[in-house]
Amino acid sequence: MATTVPRGQPSAEPSIALTLPFTPRSASVAREHLEEFLHALGLSEDFVDDSRLVISELVGNAVRHARPLGDGTMRIGFEWLGEGADGAAVDLFVTDGGSVTVPHHVVNESADAFGRGLTLVEALAARWWYESDEQPEPYGTVHAVIAPGQVARTA
Numbered sequence: 001m002a003t004t005v006p007r008g009q010p011s012a013e014p015s016i017a018l019t020l021p022f023t024p025r026s027a028s029v030a031r032e033h034l035e036e037f038l039h040a041l042g043l044s045e046d047f048v049d050d051s052r053l054v055i056s057e058l059v060g061n062a063v064r065h066a067r068p069l070g071d072g073t074m075r076i077g078f079e080w081l082g083e084g085a086d087g088a089a090v091d092l093f094v095t096d097g098g099s100v101t102v103p104h105h106v107v108n109e110s111a112d113a114f115g116r117g118l119t120l121v122e123a124l125a126a127r128w129w130y131e132s133d134e135q136p137e138p139y140g141t142v143h144a145v146i147a148p149g150q151v152a153r154t155a
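In UniProt numbering, the protein residues as written are 1 to 155.
Structure (C-alpha cells):
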C-alpha cells in the first residue's frame, strides 16, 4: 500500500547529518540513509534515484579530490527545503577537509569511467555550489539541490 504525504508536510525530520569515515564505502552508507529519508518524505522513485546518484558522486569526489576533516571523517547531510513553485526540493551536501582546487565541472569526452562526477551533479541538480572556510578548521562543502522535473527523461 502506498503512503502519501500531504504536500508541504514531510513525515521525516527536516534534516539529517551524518559523520562518516573518509572512505569510498561511505557512499553506500550515505545512499542507504538518503533513501530512507526521501521515502519517509513520500518522494517519487525517480527523485530518490537521482538523489542517490548525486550523493554517491559528491562522496566519491570528496574521497578522490579532497582531504578528510581533522578527525579523519566527512560530514554528509540532507535537508528538506519544502515545497516551492516547482515542487519538493532537498539539499544534499558533503563537507570534507577541503582540497587544493575549487570543485569545478570538467568536460570529459573520453570513455574513462572517472571525471564525470560534477557533470552528473550538474545534470541532475537544480543548482550546486561550493563553500569553504578555514575556521574553526579547514573545510569545504559541496551542496546540490535536487528538485523534481530537473531532468528531461526519455522513456
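Quick reminder that beta carbons are idealized off the backbone N, C-alpha and C, glycines included.
Runs of alpha helix (DSSP H) with 4 or more residues, each lying fully within the UniProt domain "Histidine kinase/HSP90-like ATPase" (21-132), are found at 26-40, 45-65, 117-124, listed in chain order.
Ala147 carries a coil assignment under DSSP once its states are collapsed to helix, strand and coil. The region 131-151 and the region 53-71 touch, with three or more beta-carbon pairs separated by less than 8 Å. Taking a cut-off of 8 Å for Cβ pairs, the region 120-129 and the region 66-80 do not touch, as fewer than three such pairs fall below it.
In this structure, Gly98 sits near Arg67, with a CB-CB distance shorter than 8 Å. Distances from the CA of Thr19 to each of Glu137, Glu131, Pro148, Thr95 were compared; the closest alpha carbon is that of Thr95. Using a Cβ distance threshold of 8 Å, Arg31 and Arg52 count as a contacting pair. Take Phe93, set aside five residues on each side of it, and the residues of its chain with a beta-carbon closer than 6 Å to its own are Gly77, Thr141, His143, in chain order.
Classified as exposed, Asp133 has fewer than 16 neighbouring CB atoms from the shown chains inside 10 Å of its CB. Taking the Cα positions, Tyr130 is about 16 Å away from Val63. Trp80 is a Cβ neighbour of Pro14, given a cutoff of 8 Å.
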